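So the sequence shown is numbered by my numbering: it starts at 87 and just counts up by one.
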Amino acid sequence: MEKPKLYPGKPYPLGATWDGEGVNFALFSENANGVELCLFDDPNSEMESHHIKITERTNHVWHCYLPGVSPGQLYGYRVHGPYEPENGHRFNPAKLLIDPYAKAISGTIEWDDSLFGYDVNHSDEDKSLNKQNSAPYLPKGIVIDPAFDWGEDRPPAIPFHKSIVYEMHIRGFTKQNPEIPPEIRGTYAGIAHPETIEYLQSLGITAVELMPAHQFVADRHLIEKGLTNYWGYNTIGFFAPDVRYSSSGTLGEQVREFKEMVKVLHKSGLEVIMDVVYNHTAEGNHLGPTLSFRGIDNASYYRLMEKERRYYRDYTGTGNTLNMQQPNVLQLIMDSLRYWILEMHVDGFRFDLASALARELHDVDRLGSFFDIIHQDPVISQVKLIAEPWDIEEGGYQVGNFPPGWAEWNGKYRDTARDFWRGTDRTLAEFAYRFTGSSDLYETSDRRPTASINFVTSHDGFTLNDLVSYNDKHNEANGEGNKDGDDHNRSWNCGAEGPTDDPEVNELREKQKRNFLATLFLSQGVPMLLAGDEMGRTQEGNNNAYCQDNEISWLHWNDADKDLLEFTRKLIQFRKEHPVFHRRRWFQGQPIHGSEVDDIEWFIPEGEEMRDEDWDQGYAKSLAIFLNGQGIRTPDSHGNRITDNSFYIMLNAHHEPVDFILPNPKYAEKWLKIFDTKSNFFKDDTTYNAGHKITVGSRMIILLQAIQ
């Protein structure tokens with residue numbers, strides 16, 4: 087390739103932008119004293135075909151324009167400046183660097199000592215400069231053509247209170263599905279395949295929450311052990327869809343394939359929520375590699391220790407934390423979010439370790455710059471925003487403290503639901519809060535029940551099957567002596583550890599799975615289901631399968647529990663049909679719309695309303711809940727406003743059966759049994775009159791519907 091002509095170009099937009107005639111390149115670096123743009127002829131080139139010294143600099147942005155350069159061009163940067171770790175500077179022009187704004191990245195890292203800015207074999211750790219060229223081992227950025235025929239694509243715009251979220255791993259979901267063509271299993275195209283779409287629609291979920299799809303790095307120590315970073319919480323490219331999930335190519339085709347997946351999901355009525363990791367990058371601590379941000383401007387991109395700037399503040403457990411105090415870092419994140427909304431058409435985000443994003447100084451500040459900027463942004467503020475409301479440092483557990491407009495993974499819901507069905511003493515009062523949307527956490531900040539993303543299991547921990555099948559973790563395959571992950575499962579006393587032929591143990595496990603699912607889908611708030619839980623997926627007791635890109639983590643389609651799957655489908659459909667289970671507003675505890683009874687009432691098994699002292703009974707593990715459907719007015723298909731049914735939910739977390747008495751006729755004179763969690767059926771036509779005694783078996787739910 088002939089050396090391209092060089093023009094000044096523009097400082098915005100950042101990244102590589104093709105205009106049909108050439109490409110504008112723009113890179114932020116406040117502390118650099120020189121920047122070189124490096125062009126490559128193909129991904130395997132050991133040396134760049136051209137070094138282009140960028141001389142234009144505007145507001146700390148280095149920029150140039152190259153006419154004749156077109157989509158498919160591979161590129162990277164070399165950045166000059168002082169190598170002074172003690173002062174926070176780690177410039178090293180021997181290291182090729184990935185553009186933070188690269189829209190596509192050509193491949194994955196091939197680990198080599200040259201990727202480190204210091205000599206890894208030197209005795210003074212990171213103080214020695216490593217002058218080895220890293221270009222042969224680092225993937226390159228790719229200039230892309232953003233054109234794509236979106237047709238009539240529109241966001242499904244599903245109201246939050248009607249949402250049912252499904253957390254899935256792009257690769258693991260289809261990798262073993264025999265109905266998907268082998269060449270696209272584990273890819274974006276596999277998610278867009280008709281078999282996948284039909285399954286998701288039949289399940290009834292409304293949104294897929296994709297585990298990280300930004301380009302990420304598999305850690306060196308994992309690769310050397312024959313493992314990998316499967317989950318992907320190790321981002322290096324905040325604009326680039328990960329190349330590993332592309333079936334169509336690695337030179338920009340991954341962008342088109344991702345867009346096609348979103349288009350197909352939207353056409354099927356499904357929203358796309360991305361799990362995003364803006365709190366840290368894949369470059370680790372002071373001994374990590376120099377791949378992008380560290381070599382471009384370490385002191386700007388990262389939170390450094392004030393007195394020892396050689397070291398990083400680590401609120402994330404990964405070695406570093408992005409510096410939200412730096413305006414250009416905030417701009418990077420906002421530009422990334424807007425890009426995924428406007429160009430890739432995603433419908434929302436789940437923010438990993440979101441508390442780390444709020445740390446203005448040491449303490450978490452819920453009104454930090456990050457949240458202020460999102461709140462006023464006319465694009466980002468209009469999509470679904472979900473926080474993982476904790477990080478690993480002191481003060482990082484912030485469940486309930488995020489601003490209006492945000493939903494949160496409700497870790498207290500998970501813990502309370504587990505404690506209740508485990509039979510833990512003194513859980514009734516907190517269970518009542520969690521079941522009704524956690525008003526104690528969200529109501530005072532002018533948020534609604536939809537602020538609570540309810541879940542029992544997620545990617546991080548046991549699957550639902552393993553939660554009720556193992557008392558202890560079994561993470562031996564991770565190569566850390568089973569010391570990683572949560573220490574235990576709080577002793578479920580399941581009667582056996584792992585698979586067993588004992589019919590009583592298996593019956594209890596199946597019942598507990600149905601208890602959790604029923605609790606999840608009957609609770610106020612937004613339910614989130616972990617992919618595979620509906621079919622009994624197991625990880626063989628591994629509760630930290632972050633490094634297992636194999637059958638431990640993949641869905642086992644041929645071993646699906648079809649009975650459990652059908653039960654889950656019916657539960658989801660039932661929830662969607664009855665708005666009393668997904669109210670937009672809080673319960674008031676008082677009669678509304680002329681009804682004789684309150685919108686919600688609580689009962690002891692004897693059929694009497696609970697008194698204050700009943701909530702404090704340490705041994706009490708059973709209660710009943712009346713939900714008044716007369717207070718729900720919702721339009722039918724013809725626009726007529728109709729009321730919902732009323733329901734009576736009897737929950738017994740005791741290890742023995744408990745007799746429940748149905749309340750007096752003012753609540754309902756007659757009740758229809760919808761389901762119990764001992765069985766796997768819905769609506770068996772059994773009816774009961776007010777005052778009837780019903781024996782609810784040990785660890786069991788019975789749901790009744792008032793007959794009008």
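Virtual Cβ for every residue (Gly too), placed ideally from N, Cα, C.
Remember, predicted model here, so these are calculated numbers, not experimental data.
Ignore the nearest five residues each way along the sequence and tell me which others in S220's own chain have a CB closer than 6 angstroms to its CB.
Same-chain partners within the cutoff: K181, L182, S200 and L201.
How far does the alpha helix (DSSP H) with L351 in it reach, from first residue to last?
L351 -> alpha helix (DSSP H) spans E339 to K353.
Determine which residues share a DSSP beta bridge with Y93 and list them.
DSSP output for Y93 lists Y151 as bridge partner(s).
When the Cα of L471 is compared with those of M360, E284 and L758, which residue comes out closest?
With distances taken between Cα atoms, L471 lies closest to M360.
Assign V206 to one of three DSSP states: helix, strand, or coil.
Residue state, collapsed to three classes: coil.
Excluding the 5 residues preceding and the 5 following K498 in the sequence, name in chain order all residues of the same chain whose CB lies nearer than 6 angstroms to its CB.
Excluding residues within five positions, the ones whose Cβ falls inside 6 angstroms are V485.
By Cβ distance, which residues of its chain are closer than 6 angstroms to F506, with the 5 residues on each side in sequence left out?
Only T513, F517 and A739 meet the Cβ criterion.
To the nearest whole angstrom, what separates the beta carbons of V469 and I427, a pair I think is in contact under 8 angstroms?
About 6 angstroms separates the two Cβ atoms, so the contact holds.
Quick one: give me the first and last residue of the alpha helix (DSSP H) that H307 is part of.
R306 to E310 is the span of the alpha helix (DSSP H), which, as asked, contains H307.
Assuming contact is defined by CB atoms lying nearer than 9 angstroms, are M254 and A617 in contact in what I supplied?
Yes; because the gap between Cβ atoms is below 9 angstroms, this pair is in contact.
Relative to the C-alpha of I735, which residue among P242, P749 and A275 is closest?
Of P242, P749 and A275, the residue nearest in Cα terms is P749.
Exposed or buried, what is M391 when buried is set at 16 or more other beta-carbons lying within 10 Å of its beta-carbon?
Label assigned to M391: exposed.
Going by C-alpha to C-alpha distance, which of S354, D700, F768 and G374 sits closest to K656?
That would be F768, whose Cα lies nearest to the Cα of K656.
Looking only at its own chain, which residues have a Cβ that is under 7 angstroms from the Cβ of E562, when we skip the five neighbours before and after it?
N568, listed in sequence order.
So, with DSSP's three-state summary, where would you put V465?
Coil, per DSSP.
For N406, which option in F234, H366 and C633 has the closest C-alpha, if you only look at C-alpha atoms?
Nearest option by C-alpha distance: H366.
Roughly how many angstroms lie between the CA atoms of K261 and D421, to the nearest whole one?
Looking at the two C-alpha atoms, the distance is approximately 32 angstroms.
Is Q287 helix, strand or coil by DSSP?
Correct three-state label for Q287: helix.
Rounded to whole angstroms, how far is the Cβ of Y187 from the Cβ of G101, which I believe are closer than 8 angstroms?
With a Cβ gap of about 3 angstroms, Y187 and G101 count as contacting.
Leaving out five residues on either side along the sequence, give the residues of the same chain with a beta carbon under 6 angstroms from the beta carbon of D700.
Closer than 6 angstroms at Cβ, skipping near neighbours: I690.
Over what stretch of residues does the beta strand (DSSP E) that includes F435 continue unbroken?
Where F435 is concerned, the enclosing beta strand (DSSP E) stretches over G434 to F437.
Can you tell me whether DSSP reads E357 as helix, strand or coil?
Note: E357 maps to strand in three-state DSSP.
Under three-state DSSP, which class holds L615?
The answer is strand: DSSP assigns L615 an E or B state.
Can you tell me the Cα-Cα spacing of G272 and L423, whole angstroms?
For G272 and L423, the distance between alpha carbons rounds to 25 angstroms.
Would you call the CB atoms of H431 and P241 closer than 9 angstroms?
Cβ atoms of H431 and P241: closer than 9 angstroms.
From the DSSP output, in three-state form, read off S333 for me.
In this structure, S333 counts as coil in the three-state DSSP scheme.
According to DSSP, simplified to helix, strand and coil, what is A299?
Three-state DSSP puts A299 in coil, outside helix and strand.
Alpha carbon to alpha carbon, what distance is there between D745 and V782?
Their backbone Cα atoms lie some 6 angstroms apart in a straight line.
Considering only their Cβ atoms, is the gap separating F114 from G95 smaller than 9 angstroms?
Against a cut-off of 9 angstroms, the Cβ pair of F114 and G95 comes out as no contact.
Pull up the CB-CB distance for H547 and N629, whole angstroms please, since I reckon it's below 8 angstroms.
Position check: residue 547 holds Gly in this sequence, whereas His was assumed. Right, their Cβ atoms sit about 5 angstroms apart.
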